[in-house]
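The sequence shown begins at 286 in the numbering used here and counts up one residue at a time.
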Amino acid sequence: MKHIAVIVALGLLSGCGGQGMKHGGTAEAPYKDMLKKPLLADSVMRDGDDLSYQVHVTLTDNVAVPDIAQLQASCATPSGSLLYMEAPGTPGADGQPTRITVMRNLAPEVIGELQQNASFTDACARTPRPDWRLVSTTDTQRQLLIDRASLKTVGEKIEFWGAYDEPLILINTLKKMPYAQTRLHWEVSCSRQTYRTLAAFSLTPKNTVTFGNVVAVPIDQPFSTAEADTRTLLKAACSPTAAQLPVAVTRTKLMQTLTPAPVPATVTEAISALGMPAPAKPLHHLVEKRELGSSSLRTEVFIEPGAGNNLLKLRRATPSSSAKITTFRGLFSLTFQSEFELRGMNVSAASTVEQLSFSGDWKHMPIGTTLGFKLKELNRNTAEEDRVLSRDATCVVAREVPASDINSALSGTAKALNCTTTGDNYQATNTVMYLQDYGYFFTQQDVVKGKYTTRTTLVNAQ
């Protein structure tokens with residue numbers, strides 16, 4: 286890629302400290318050229334006074350597939366933003382187009398170039414403010430909308446913008462970008478019952494485009510081949526009663542939150558069949574210090590009893606995340622729910638163990654014996670596709686030590702288990718201490734794939 290041109294461009298964004306802000310004309314040229322370029326007509330959308338649009342830029346040496354920049358700018362005031370730049374013909378390691386996400390305001394000294402761009406001022410004059418109408422609501426509470434103001438007759442065809450308005454803020458699992466609405470620019474032949482998609486863009490609740498594209502070679506397709514929601518919008522565009530549709534009302538939207546399914550009865554029955562003795566004492570609160578290389582993380586663990594003697598409900602909290610867990614005595618999660626931040630996005634995760642089996646004498650754990658368990662877990666994540674993960678663990682009961690060796694507040698003894706766990710591109714060895722008075726497994730050390738070692742100290746136990 287032409288990194289110099291990109292760096293110069295970013296230096297001319299408000300708040301950036303690159304050389305482009307300091308050295309005037311030469312550095313500003315590539316960025317000003319972007320603002321002088323004609324808008325891609327099929328990409329132009331309006332929200333209030335703001336236009337969202339794309340222009341062709343030069344990021345790579347791929348001349349067959351033009352690179353693009355996505356911008357948003359005001360028709361009423363000298364303001365605008367560069368949202369992202371993308372090279373559709375140059376895929377990255379994940380198979381998606383090479384992309385530079387910017388999301389920064391344009392510097393005042395260059396915004397004037399945009400105001401002198403006849404293509405931009407013409408688009409402001411010709412693109413009406415949207416008039417979104419509600420066509421229907423699906424069973425999932427997705428609303429199907431049509432922008433009545435965008436309806437335009439071109440010969441015997443109609444062009445318009447339609448939208449799938451989601452009830453929640455979702456994450457596209459391929460792009461790893463959030464969106465709450467998808468807008469589609471269509472050209473329709475009502476007499477022939479055919480349509481072609483001209484462009485598709487996904488936006489946040491604040492109408493900021495996060496990803497999308499103009500279709501390079503639109504293809505005519507019959508209405509009958511479109512998915513049901515698309516057919517509904519195409520037919521609405523052809524209906525003479527579109528003006529009578531109710532005005533769409535903006536909805537308040539939250540991020541999608543996943544909830545784990547209940548633990549299956551077969552799983553709890555497998556645990557009960559172990560016949561492990563009930564704990565003599567409860568644990569209520571732990572403070573763990575985890576060390577990975579030169580970094581450390583402090584975690585608070587709040588413990589409540591679950592169903593029966595074998596299940597515990599945990600809430601694990603760090604300065605940056607929180608998780609709710611149903612666990613088999615602390616050894617592994619049966620259900621898991623968490624929210625965390627990934628690349629600036631709030632992500633929700635949930636999992637449930639669906640199958641579980643054990644081997645060995647877990648009731649007595651004789652020194653020198655081997656214990657084992659196998660499980661299958663449904664793992665869900667709003668930023669990824671659902672996966673079923675397998676784990677196969679073998680543990681050797683190595684020795685017995687005073688529990689006070691782990692934390693001075695603990696009573697009784699602890700049995701040390703040396704475990705190896707494999708499955709689905711995963712391999713780890715663990716040292717696990719079973720606190721017999723408390724019926725709780727505490728993991729002292731994890732070594733993942735022989736490389737990444739995490740040591741955990743029990744700082745406080747109550």
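We put the CB at the ideal spot given by N, CA and C, even for glycine.
Which listed residue (the options) has its alpha carbon closest to that of residue i
{"i": "Thr422", "options": "His341, Arg536 and Ser337", "result": "Arg536"}
{"i": "Glu576", "options": "Thr738, Arg384 and Ala694", "result": "Thr738"}
{"i": "Asp416", "options": "Ile588, Gln506, Ala713 and Ala527", "result": "Ala527"}
{"i": "Thr655", "options": "Ala683, Ala634 and Leu368", "result": "Ala683"}
{"i": "Gly735", "options": "Phe726, Thr707 and Ala746", "result": "Thr707"}
{"i": "Thr517", "options": "Gly697, Val420, Leu720 and Tyr723", "result": "Val420"}
{"i": "Gln357", "options": "Leu399, Cys680, Ala565 and Pro463", "result": "Leu399"}
{"i": "Val348", "options": "Gly374, Glu394 and Tyr449", "result": "Gly374"}
{"i": "Asp722", "options": "Thr741, Ser696, Arg740 and Thr705", "result": "Ser696"}
{"i": "Leu391", "options": "Leu368, Ala372 and Arg411", "result": "Leu368"}
{"i": "Gly593", "options": "Ala354, Arg614 and Thr603", "result": "Arg614"}
{"i": "Leu627", "options": "Leu344, Arg389, Arg600 and Asn457", "result": "Asn457"}
{"i": "Ser763", "options": "Val686, Phe726 and Ser580", "result": "The question about residue 763 has no answer, for the chain in this structure spans 286 to 747."}
{"i": "Ala372", "options": "Thr386, Ile353, Pro363 and Gln730", "result": "Ile353"}
{"i": "Glu670", "options": "Lys461, Arg384 and Gln478", "result": "Lys461"}
{"i": "Lys659", "options": "Val673, Ser581, Met650 and Ser644", "result": "Ser644"}
{"i": "Pro545", "options": "Ala694, Ala513, Val733 and Ala608", "result": "Ala608"}
{"i": "Arg418", "options": "Cys409, Arg433 and Lys437", "result": "Arg433"}
{"i": "Thr412", "options": "Gln401, Ser579 and Lys437", "result": "Lys437"}
With 16 other Cβ atoms within 10 Å as the buried cut-off, status of residue i
{"i": "Ile652", "result": "exposed"}
{"i": "Gly447", "result": "buried"}
{"i": "Ile504", "result": "exposed"}
{"i": "Thr553", "result": "buried"}
{"i": "Met718", "result": "buried"}
{"i": "Thr406", "result": "exposed"}
{"i": "Leu743", "result": "buried"}
{"i": "Val534", "result": "exposed"}
{"i": "Lys700", "result": "buried"}
{"i": "Phe666", "result": "According to the sequence provided, residue 666 is Asn. The question's Phe does not apply to it. Buried, since its Cβ has 16 or more Cβ neighbours within 10 Å."}
{"i": "Glu573", "result": "buried"}
{"i": "Met370", "result": "buried"}
{"i": "Ser366", "result": "buried"}
{"i": "Lys648", "result": "exposed"}
{"i": "Val329", "result": "buried"}
{"i": "Ala522", "result": "buried"}
{"i": "Asn715", "result": "buried"}
{"i": "Leu596", "result": "buried"}
{"i": "Lys566", "result": "exposed"}
{"i": "His470", "result": "buried"}
{"i": "Ala484", "result": "buried"}
{"i": "Arg414", "result": "exposed"}
DSSP bridge partner residues for residue i (one or two, in chain order)
{"i": "Tyr725", "result": "Leu720"}
{"i": "Arg583", "result": "Lys574"}
{"i": "Ser359", "result": "Asp335"}
{"i": "Ile610", "result": "Leu599 and Phe621"}
{"i": "Ala713", "result": "Thr706 and Val733"}
{"i": "Val340", "result": "Ala354"}
{"i": "Asp432", "result": "Trp417"}
{"i": "Ala746", "result": "Leu571"}
{"i": "Leu559", "result": "None, per the DSSP bridge assignment."}
{"i": "Pro604", "result": "None; Pro604 has no bridge partner."}
{"i": "Thr438", "result": "Ile443"}
DSSP three-state assignment for residue i, whether helix, strand or coil
{"i": "Cys523", "result": "helix"}
{"i": "Val293", "result": "With a pLDDT of 37 at Val293, under the threshold of 50, the modelled position of this residue cannot be trusted, and the question is left open."}
{"i": "Arg740", "result": "strand"}
{"i": "Val548", "result": "coil"}
{"i": "Thr553", "result": "helix"}
{"i": "Lys321", "result": "helix"}
{"i": "Ala565", "result": "coil"}
{"i": "Asp327", "result": "helix"}
{"i": "Asp450", "result": "strand"}
{"i": "Ala465", "result": "strand"}
{"i": "Ala694", "result": "coil"}
{"i": "Ala688", "result": "helix"}
{"i": "Ala592", "result": "coil"}
{"i": "Asn457", "result": "strand"}
{"i": "Ala683", "result": "strand"}
{"i": "Ala701", "result": "strand"}
is_contact[residue i, chain D] using C-beta, thresh 8 Å
{"i": "Glu576", "result": "Structure shown: chain D not included; a single protein chain is present."}
Alpha helix (DSSP H) segments (min. 4 residues) lying fully within the region 617-680 = Fully enclosed alpha helix (DSSP H) runs of 4 or longer: not present.
task = With a floor of 3 residues, list each beta strand (DSSP E) that falls wholly inside the region 365-422, ordered by position along the chain.
result = Correct list: 365-376, 382-390 and 417-422.
Beta strand (DSSP E) runs wholly inside the region 474-544, at least 3 long, in chain order = For the region 474-544, the full-length beta strand (DSSP E) segments reaching 3 residues or more read 479-488 and 494-499 along the chain.
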